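Please read the structure below before turning to the comments.
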Amino acid sequence: MTLPESSNPAKAATPAIRADSRAQQTQQAQQAQQAQCCELGFYTLAGHSGTPRDLIAECHAAEALGLGTAFISERFNTKDATALSGAAGAVSTTLGIATAATNHNTRHPLVTATFAMTMHRLTEGRFALGLGRGFDALFDIMGLPHITMAQMADAIDLYRRLWRGEMVFGHDGPAGNYPMLCLDPSFNEEIPVMLTAIGERTLEFAGSLADGVILHTFFADDALERSVAAVRRGAERAGRDPASVRIWSVLATVGDHLDEELRL
2 MTLPESSNPA KAATPAIRAD SRAQQTQQAQ QAQQAQCCEL GFYTLAGHSG
52 TPRDLIAECH AAEALGLGTA FISERFNTKD ATALSGAAGA VSTTLGIATA
102 ATNHNTRHPL VTATFAMTMH RLTEGRFALG LGRGFDALFD IMGLPHITMA
152 QMADAIDLYR RLWRGEMVFG HDGPAGNYPM LCLDPSFNEE IPVMLTAIGE
202 RTLEFAGSLA DGVILHTFFA DDALERSVAA VRRGAERAGR DPASVRIWSV
252 LATVGDHLDE ELRL
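For the sequence shown, our numbering begins at 2 and goes up steadily by one.
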């Protein structure tokens, strides 16, 4: 099915539809675009959902409402980002899908690059790989090194090279030492990368190389303004168009359909 460009959570909303010879599918995509609020998204399985199968009904409901993106967080219990992303892609047709977030250091770069490419092809361009710095205490327990911005930049560069079909030999950088990395020489894909960020330096860093940025949930208005300015500033310093970086502000909501005990 041909999809609107704005179905991707890292791309700005646009009414344009990619050309396709299949007239009926193009018409369906145009109709979906007209009903879709691409600037609105939601976190699927927010909080502590009882079962990951809740994601299926949530994605169906989101498309019926016209929401633009499903963000998928990761916890080491029943919230594996790769499995949930695949499920969301399989049960949706217009919904953008983004991890928000996983970490580059919990999977080999070839595994993460393969995951993103698989999702990209499965969803026909609706997927964005969202990464974050994670929690140092958790990495200590897992025996993993703390994440640095240099590591993230190196990992993202590796992913993008692999998605372009490059063969990487003898890589020795902040993200690790890898004798040889390759997905498929025929690949030439652009898969958006998003970053979750809170502090000013990380926000500027995100603006310098990411396609999209996801802000922290509990920001006051002035903190939100400063965060957006930091992302734009980072983009400008890197010689990028600040408007090309899509920024997502996150708002926590509690519906009155829930029992009072759960709401509290």
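Beta carbons are placed, not taken as given, at the ideal position from N, Cα and C, and that holds for glycine.
Nothing here was measured: the structure is a model prediction, and the numbers come from that model.
Coarse secondary structure for residue i, derived from DSSP in three states
{"i": "T27", "result": "Caution applies to T27, whose pLDDT of 46 falls short of 50 and renders its modelled position unreliable; the value that the coordinates give is listed next. Note: T27 maps to helix in three-state DSSP."}
{"i": "M181", "result": "strand"}
{"i": "D173", "result": "strand"}
{"i": "F140", "result": "helix"}
{"i": "F116", "result": "helix"}
{"i": "G42", "result": "strand"}
{"i": "G69", "result": "strand"}
{"i": "T57", "result": "The question names Thr, but residue 57 is Ile in the sequence shown. Helix."}
{"i": "G97", "result": "strand"}
{"i": "D260", "result": "coil"}
{"i": "E64", "result": "helix"}
{"i": "I148", "result": "coil"}
{"i": "S22", "result": "Here S22 scores only 42 on pLDDT, less than 50, and its place in the model is too uncertain to base an answer on."}
{"i": "M153", "result": "helix"}
{"i": "A231", "result": "helix"}
{"i": "F206", "result": "helix"}
{"i": "R165", "result": "coil"}
{"i": "G200", "result": "coil"}
{"i": "P110", "result": "helix"}
Alpha-carbon to alpha-carbon, residue j and residue i
{"i": "A47", "j": "L96", "result": "17 Å"}
{"i": "T203", "j": "E167", "result": "28 Å"}
{"i": "A84", "j": "L265", "result": "31 Å"}
{"i": "E261", "j": "T115", "result": "43 Å"}
{"i": "S22", "j": "A176", "result": "With a pLDDT of 42 at S22, under the threshold of 50, the modelled position of this residue cannot be trusted; read the value that follows with caution. Rounded to the nearest angstrom, the two C-alpha atoms are 42 Å apart."}
{"i": "T107", "j": "P146", "result": "10 Å"}
{"i": "D242", "j": "P10", "result": "18 Å"}
{"i": "I248", "j": "V229", "result": "7 Å"}
{"i": "A154", "j": "H258", "result": "43 Å"}
{"i": "A30", "j": "A138", "result": "Confidence at A30 is low in this model, with a pLDDT of 49, below 50, so its placement is unreliable and the value that follows should be read with caution. Approximately 45 Å between the Cα atoms of the pair."}
{"i": "P193", "j": "A211", "result": "8 Å"}
{"i": "V246", "j": "G67", "result": "23 Å"}
{"i": "G171", "j": "L123", "result": "31 Å"}
{"i": "A224", "j": "D173", "result": "38 Å"}
{"i": "G144", "j": "F77", "result": "15 Å"}
Other residues of its chain near residue i: CB distance less than 8 Å, five sequence neighbours each side excluded
{"i": "H109", "result": "none"}
{"i": "F188", "result": "M118, L163, W164, R165 and G166"}
{"i": "V169", "result": "L159, R162, L163, Y179, M181, L182 and C183"}
Identity of the residues DSSP links to residue i by a beta bridge
{"i": "I280", "result": "Within the shown structure, residues of the chain are numbered from 2 to 265, placing residue 280 beyond reach of any answer."}
{"i": "M195", "result": "G131 and G213"}
{"i": "K80", "result": "R76"}
{"i": "T103", "result": "L132"}
7 Å Cβ shell around residue i - same chain, five flanking residues per side excluded
{"i": "H61", "result": "V92"}
{"i": "V255", "result": "R264"}
{"i": "A82", "result": "I73, E75, T100 and T103"}
{"i": "I57", "result": "A88 and V92"}
{"i": "R234", "result": "E205 and G208"}
{"i": "A63", "result": "F43, A71 and L96"}
{"i": "E237", "result": "P243"}
Same chain, Cβ closer than 6 Å to residue i, five either side skipped, listed in chain order
{"i": "L111", "result": "L182"}
{"i": "M150", "result": "F206"}
{"i": "F128", "result": "I98, M120 and H121"}
{"i": "L252", "result": "none"}
{"i": "Q152", "result": "P175 and A176"}
{"i": "A231", "result": "E201, L204 and E205"}
Any chain B beta carbon closer than 8 Å to residue i
{"i": "G256", "result": "Absent from the structure is chain B; it holds one protein chain and no more."}
task = Answer yes if the stretch 214-222 comes into contact with the stretch 170-185, meaning at least three C-beta pairs across the two stretches below 8 Å, and no otherwise.
result = Contact fails: fewer than three Cβ-Cβ distances are below 8 Å.
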